[in-house]
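Structure first, then comments.
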Amino acid sequence: MNAIKSIPFSAAASIEPAEMIARAQRFASAVASRRTVRDYSGQGVPREVIEACLRAAGTAPSGANQQPWHFVAIGNAEVKRRIRIAAEAEEREFYERRAPGEWLDALAALGTDANKPFLEQAPWLIAVFYERTGPLLDGHKAKRYYPHESTGIATGLLITALHHAGLATLTHTPSPMAFLNEILERPKHEVPYLLLVVGHPAEGCRVPDIARKPLSEIADFVV
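Heads up: take any position in the sequence shown, counting from 1, add 34, and you land on the numbering used here.
Below is the structure:
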């Protein structure tokens, strides 16, 4: 197998430590305002914004650089309605039959239930898929390396890019999600990862008063 050709790394000019610290702190403050939003206005979002954020997501590192993700951005009202109907059917099964009591107790504090109007209210849904294997070629399926982890990193970049653009998001994971393959006509080797709801918050939108863990609880330094 031929080695991949290398090119010079075109990083930005060296940044002084003080400026590096300032940039990092500004970014941390900016993303600290990100919240999960469940109430959306009908205000539109230009397709160009979604395209730019998807390009950012596509820069994520991935196992063997296989980039095993696929994003479907949905702005069509009828398709969003079909997705809502299918998602709510799975959600009713979850809340009424599948979910253990402990899980339902944890969700009760957030006020969530099987009704998901945001799937139609928001101007965009982005369905995220990952490839467990590649498409069938010459009777063989190409192996994918760390596809779940790679797609998770890409999705994190996407959420952050959308927040940076001034948009609200919600990660929605009805289970199972095979209906997305059918509605969006995606091949079987693509596995639904999550639905990302994207748009502007509704006027008067409120979010739960929750706190993030302090740095001391989520990180250690070994120096």
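Glycine included, each C-beta is placed from N, C-alpha and C at the ideal position. What you are looking at is a predicted structure, and each value in this text was computed from that prediction instead of being measured.
**Asked** What is the DSSP secondary structure of G186, reduced to helix, strand or coil?
**Response** In the structure shown, G186 sits in a helix (DSSP, three-state: H, G or I).
**Asked** DSSP state of E219, grouped into three classes?
**Response** Coil, per DSSP.
**P157 vs G78 beta-carbon contact at 7 Å** = At a Cβ-Cβ threshold of 7 Å, P157 and G78 count as neighbours.
**Asked** If you scan the stretch 71 to 140 from start to end, which runs of the beta strand (DSSP E) of 3 or more residues do you find wholly inside it?
**Response** Correct list: 103 to 108.
**Asked** Given a threshold of 16 other Cβ atoms within 10 Å of its Cβ, counted over all protein chains shown, does V257 qualify as buried or as exposed?
**Response** Under this definition V257 is an exposed residue.
**Message:** According to DSSP, simplified to helix, strand and coil, what is T146?
**Reply:** In the three-state DSSP reduction, T146 falls in the coil class, being neither helix nor strand.
**Message:** When you compare the CB positions of T189 and V162, do they come within less than 7 Å of one another, or not?
**Reply:** When the beta-carbon positions are compared, T189 and V162 come within less than 7 Å of each other.
**Message:** Is it the case that the stretch 123 to 140 contacts the stretch 175 to 185, given that we only count it when at least three CB pairs across the two stretches are under 8 Å?
**Reply:** Not touching, per the Cβ criterion.
**Request:** Please work out which residues of its chain come closer than 8 Å, Cβ to Cβ, to A91, disregarding the five sequence neighbours upstream and downstream, and give them in chain order.
**Result:** Counting only Cβ-Cβ distances below 8 Å, and skipping sequence neighbours, we find W103, F105, A188, T189, L191, L192, A195.
**Item:** Beta-carbon proximity check, K150 vs R118, cutoff 7 Å
**Value:** For K150 and R118, yes; Cβs fall inside 7 Å.
**Message:** Going by C-alpha to C-alpha distance, which of R89, S75, S67, R166 sits closest to G238?
**Reply:** For the residues R89, S75, S67, R166, the minimum Cα distance to G238 belongs to S75.
**Message:** I need the straight-line Cα distance from F128 to P210, nearest angstrom please.
**Reply:** Each residue's Cα considered, the two are about 10 Å apart.
**Asked** Just the Cα atoms here: how many angstroms apart are I55 and E154?
**Response** Going from the Cα of I55 to the Cα of E154 covers about 41 Å.
**Asked** For the putative contact between Y227 and T167, defined by C-beta atoms under 8 Å, what is the C-beta separation to the nearest angstrom?
**Response** Taking 8 Å as the upper bound for CB-CB distance, Y227 and T167 are not in contact here, some 15 Å apart.
**Request:** Please name the residue, chosen from L88, N99, R72, that lies closest to Y179 on a Cα-to-Cα basis.
**Result:** When C-alpha distances from Y179 are compared across L88, N99, R72, the shortest belongs to N99.
**Message:** Using the three-state DSSP reduction, which class does L214 fall into: helix, strand or coil?
**Reply:** The three-state reading of DSSP puts L214 in helix, counting H, G and I together.
**Item:** Where H234 sits in the DSSP three-state scheme
**Value:** Here H234 sits in coil by DSSP.
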